[in-house]
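Note sheet for the following structure.
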Amino acid sequence: MAKTQSVTSLEVSPEEERRSRFIKYTVAMIIRVVCIVLTVSVPLGWLTLLFSLGAIFLPYFAVIIANAQGANSSKASRKSAEAPTISISADSFREAKTKNDDSE
Numbered sequence: 878m879a880k881t882q883s884v885t886s887l888e889v890s891p892e893e894e895r896r897s898r899f900i901k902y903t904v905a906m907i908i909r910v911v912c913i914v915l916t917v918s919v920p921l922g923w924l925t926l927l928f929s930l931g932a933i934f935l936p937y938f939a940v941i942i943a944n945a946q947g948a949n950s951s952k953a954s955r956k957s958a959e960a961p962t963i964s965i966s967a968d969s970f971r972e973a974k975t976k977n978d979d980s981e
């Protein structure tokens, strides 16, 4: 018998997944813009180096973070629901039939 599909075990919809990736990437790019502004406005020093490195390497890491599903981390934490299986033996029907026949 084929295993039934449960609504709670379905994958995330493509629209929801795309939206999640878009939000992650947008947040990373906002941080990059802040790094660029701080690189220009902060006097030379180790903070300037830190901000410029953030501005240079953040796009690469933003793409990695946005596209990483982490082996479907949501799938790992999600528990799939199992549909209950009901089985009735044929003996139950025979007993019910003989009781009905006896009462008549």
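Here our numbering is used: the sequence shown runs in plain steps of one and ends on residue 981. All residues carry an ideal CB built from backbone N, CA and C; glycine is no exception. Since the structure is predicted, the reported quantities are computational estimates derived from the model, not experimental observations.
Residue i versus residue j - alpha carbon distance
| i | j | result |
| --- | --- | --- |
| residue 896 | residue 914 | 27 Å |
| residue 893 | residue 920 | 42 Å |
| residue 948 | residue 962 | With a pLDDT of only 47 at residue 948, under the threshold of 50, the placement of this residue in the model should not be trusted, and no figure is reported. |
Reduced DSSP category for residue i - H, G, I as helix; E, B as strand; rest coil
| i | result |
| --- | --- |
| residue 965 | coil |
| residue 914 | helix |
| residue 895 | helix |
| residue 940 | helix |
| residue 945 | coil |
| residue 931 | helix |
| residue 921 | coil |
| residue 904 | helix |
Distance between beta carbons of residue j and residue i, contact taken as under 8 Å
| i | j | result |
| --- | --- | --- |
| residue 909 | residue 935 | 4 Å |
| residue 901 | residue 943 | 4 Å |
| residue 905 | residue 939 | 3 Å |
Within-8 Å CB hit, residue i to chain B
| i | result |
| --- | --- |
| residue 940 | Within the model displayed, chain B is absent; a lone protein chain is all it includes. |
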